[in-house]
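Participant: Would you mind keeping the following structure in view while I ask a few things?
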């Protein structure tokens, strides 16, 4: 199955939307730090949750392709993506509602995105095996997934209730490496994927 063999338009739009939502969140975060208005911080958190939900939607739409390559693993990966989006949304709610501080909530977000990273890693490995996808895209996607998976380590910080960025435990710092994956690498890969699919769709259009 090639990049042109499933709903390329819808998938491409969602993939690019992930990048757009992430960039919007970064703008809100910059406004939060500049103006010291908490509302902008909440908007950034909402964007993080929305990006994760879109990521789960992306996983759902490309599942037919993934299932054709790796039937058993693809189902587990899809479940991981959906679970991850739910955990990220929980993390966003925790900080928006002031139930926890931003640091502990961010650990939830990083932990949830690690599950999405499992899907990213597996999907790109499956895509690479077909030989029909751009090699650099799948290599970058696998690297992105690996970095995101580091976020699984944040479970220890979550269980320990770590909610301060002052001298956090080493395992929390290790887990936060995953933040580089979901806040930077994943949106880059998503936009790249969207552009590839858009080009493929344009090629086969009459």
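In the numbering used here, the protein residues as written are 657 to 862. Think of the CB as a built atom: it goes at the ideal place given N, C-alpha and C, for glycine as much as any other residue. The structure displayed is predicted, hence computed values, not measured ones.
What's the gap between the Cα of residue 750 and the Cα of residue 769?
Facilitator: Stepping through the chain shown from its first residue, residue 750 is reached at position 94. Stepping through the chain shown from its first residue, residue 769 is reached at position 113. Answer to the nearest angstrom: the Cα atoms are 16 Å apart.
Participant: State the CB to CB distance for the pair residue 776 and residue 801, rounded to an integer number of angstroms; the pair is presumed to be in contact (CB under 8 Å).
Facilitator: As a working note, residue 776 is residue 120 in the chain shown. As a working note, residue 801 is residue 145 in the chain shown. That belief holds up - the Cβ atoms of residue 776 and residue 801 are roughly 4 Å apart, short of 8 Å.
Participant: Using a Cβ distance threshold of 8 Å, determine whether the segment 674-683 contacts the segment 725-745, with at least three qualifying pairs required.
Facilitator: No, they do not touch.
Participant: Would you mind listing the alpha helix (DSSP H) stretches within the segment 802-831 that are 4+ residues and don't spill past its ends, in chain order?
Facilitator: The qualifying runs are 811-815 and 826-831.
Participant: How many angstroms separate the CA atom of residue 625 from the CA atom of residue 806?
Facilitator: Any question about residue 625 goes unanswered here, given that the chain covers just 657 to 862.
Participant: Please confirm whether residue 714 and residue 671 have their CB atoms less than 8 Å apart.
Facilitator: Translated into positions along the chain shown, residue 714 becomes position 58. Translated into positions along the chain shown, residue 671 becomes position 15. A contact, by the Cβ cut-off of 8 Å.
Participant: How far does the alpha helix (DSSP H) with residue 725 in it reach, from first residue to last?
Facilitator: As a first step, residue 725 is located in the chain shown; it is residue number 69 there, counting from the start. Its alpha helix (DSSP H) spans residues 719-725.
Participant: My output table needs one value for residue 843: the three-state DSSP class, helix, strand or coil.
Facilitator: As a first step, residue 843 must be located in the chain shown, where it is residue number 187. DSSP places residue 843 in helix when its eight states are reduced to three.
Participant: State the start and end residues of the unbroken alpha helix (DSSP H) segment that holds residue 672.
Facilitator: Stepping through the chain shown from its first residue, residue 672 is reached at position 16. Counting along the chain, the alpha helix (DSSP H) containing residue 672 begins and ends at 664-691.
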